[in-house]
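In what follows, a structure is listed as structure tokens, so that the remarks can point back to it.
There are 2 protein chains.
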Amino acid sequence: MFEILFQKIDEKISLSPEEQESIKPFFTPKKLRKKQYFLQAGEVCKYVVFIEKGALRSYTIDDKGHEHIVQFALEGWWISDNYSFFTSEPSSYMIDALEDSEILLLSLPDYESMVLKVPKMERYLRILMQNSLIALQSRILSSLSYSTEEKYLKLLSTYPDIIHRFPQHLIASYLGIAPETLSRIRKKITFKK
Amino acid sequence: MFEILFQKIDEKISLSPEEQESIKPFFTPKKLRKKQYFLQAGEVCKYVVFIEKGALRSYTIDDKGHEHIVQFALEGWWISDNYSFFTSEPSSYMIDALEDSEILLLSLPDYESMVLKVPKMERYLRILMQNSLIALQSRILSSLSYSTEEKYLKLLSTYPDIIHRFPQHLIASYLGIAPETLSRIRKKITFKK
DNA sequence: GTCTTTTCTTAATCTAAATCAATGGATTCG
DNA sequence: CGAATCCATTGATTTAGATTAAGAAAAGAC
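Those protein sequence lines, which keep their order, are chains A and B.
Numbered according to the working numbering, the first sequence terminates at residue 1149, and the numbering increases by one at each position without gaps.
Numbered according to the working numbering, the second sequence terminates at residue 1149, and the numbering increases by one at each position without gaps.
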């Protein structure tokens, strides 16, 4: 159950087998069925989630009832509502499973105890956040300065697995465009080739 | 020169006077004149910047020559191109001073030495990144699900100082809209009151 | 203080993408 | 298995905001 987690941690810092064993108890394994909610708007997000298998997404629903996908997360990725998790305020996001998934949960108290017990993990988490920051900033940049078509092409080249794994209307929601527009863009692109 | 920095650090963690003294040497003070570049696209971003006084912005210029402001930063804020800073790859951002400013520079080697010498700073930096993550995520959400008017109103309520301190065309660039559109929105809002 | 540059406003036109609507495929479910 | 829901495509229409253009106001330079 911890294979992917340790593999991912190992890409950034190295943990001794003892350190690996000592962090295991802080995580709670859980399975989610496709479409099952992990978090609903209004609840406090009590955990950060590491995905061992499957895929989740976070999204909001606006006044007009439209879904807006904020994040996709695949095997080896983390997902949560950072704001709610760190402040204990109710979340305005929903998180659910796009596929049957196996996940590892880490609560805020366990998170704090874990970094105290294995200080190297503080470094790992800092690196994780660094990378998220970089990714989010580049997403903001593309939302500001790229055309809709360019945004799609950028997503396609950066995360081809996301494009191919999920239905198109979810991709459209992530890009912030109507599904019809995405369909037209794809048509246009295939003709170009 | 370090007043604001220590005040800000003190909001998150507490440093003893000795610890304060021991981190000072890692920072290089610098002054910037209004309009002076701190970073130009193509250069590697060698430092993260803490602003003691004044204001900076980061932005890109697209193919059509349009500027897109990615971040404003005021006294007590940090600014840099995280991607370029951590990877040493050339940046695609520009950073310049919107006002005469006094800043503190921290290089990557100094950054690493500092957290080794004062491990508490690792925690401070993690908290900083947490907060940046939260802010960026909420910005993405508003770019996806809010109308242009709502985005402006949200910025106005979250960072009124930014709205009032900088010319409107810069605010428009940050919001990703044309200056004319912002002017119309403001007109509409004043009539509503 | 005037001159120049920058900033803001307003109006007219244009355009990309949303919306509305209908159809045919594809999946899911009882 | 067939019914039902979900999904992708295409076309017609509408709309928000970009673009273009011009003038007014404000700020900065000399």
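Quick reminder that beta carbons are idealized off the backbone N, C-alpha and C, glycines included.
Since the structure is predicted, the reported quantities are computational estimates derived from the model, not experimental observations.
Report back the beta-carbon spacing between residue i and residue j to the nearest angstrom; my notes put them in contact at under 8 Å.
i          : j          : result
Leu1012(A) : Ile1035(A) : 5 Å
Ile1059(A) : Gly1032(A) : Ile1059(A) to Gly1032(A), Cβ: 12 Å. No contact.
Leu1100(A) : Gly1132(B) : 4 Å
Ser1014(B) : Tyr1067(B) : Going by Cβ atoms, the distance from Ser1014(B) to Tyr1067(B) rounds to 18 Å, so no, they are not a contact pair.
Glu975(A)  : Lys1076(A) : 7 Å
Arg989(B)  : Asp1056(B) : 6 Å
Ile979(B)  : Val1074(B) : 6 Å
Thr1016(A) : Leu1097(B) : 6 Å
Any idea if residue i is buried or exposed, counting beta-carbon neighbours within 10 angstroms, 16 or more meaning buried?
i          : result
Leu1054(A) : buried
Arg1095(B) : buried
Lys1149(B) : Its pLDDT being 49, under 50, Lys1149(B) is placed unreliably in this model, and the coordinates cannot settle the point.
Gln1027(A) : buried
Ser1129(A) : buried
Gly998(A)  : exposed
Ile1145(B) : exposed
Gly1021(A) : exposed
Ser1164(B) : Beyond the ends of chain B as shown, which are 957 and 1149, falls residue 1164(B); an answer cannot be given.
Phe1122(A) : buried
Compute the distance between the beta-carbons of residue i and residue j, then report whether it is under 8 Å.
i          : j          : result
Val1126(A) : Ile1025(A) : In the sequence on display, residue 1126(A) carries Leu and not Val. Taking 8 Å as the Cβ cut-off, Leu1126(A) and Ile1025(A) qualify as a contacting pair.
Arg1079(B) : Leu1081(A) : no
Ser1199(A) : Val1000(A) : Coverage of chain A is limited to positions 957 through 1149, which leaves residue 1199(A) absent and any answer about it impossible.
Val1005(A) : Phe994(A)  : yes
Gln1124(A) : Ser1103(A) : no
Leu1109(B) : Ile1118(B) : no
Phe982(A)  : Gln1086(B) : no
Leu1089(A) : Leu1092(B) : yes
Glu1106(B) : Ile1141(B) : no
Residue i CB to nearest chain A CB: under 8 Å?
i          : result
Val1026(B) : yes
Gly1132(B) : yes
Tyr1080(B) : no
Met1085(B) : yes
Ile1141(B) : no
Tyr1115(B) : no
Ile1090(B) : yes
Tyr993(B)  : no
Phe1042(B) : yes
Tyr1108(B) : no
Ser970(B)  : no
Pro1046(B) : no
Could you confirm whether any beta carbon from chain B is found closer than 8 Å to the beta carbon of residue i?
i          : result
Arg1013(A) : no
Gln1093(A) : yes
Ile1096(A) : yes
Thr1016(A) : yes
Ser1101(A) : yes
Tyr1067(A) : no
Tyr1003(A) : no
Contiguous alpha helix (DSSP H) assignments of at least 4 residues, all confined to the segment 986-1065 of chain A: 1038-1043
Entirely within the segment 1093-1149 of chain A and at least 4 residues each: give me those alpha helix (DSSP H) ranges in chain order. 1104-1114, 1116-1121, 1124-1131 and 1135-1148
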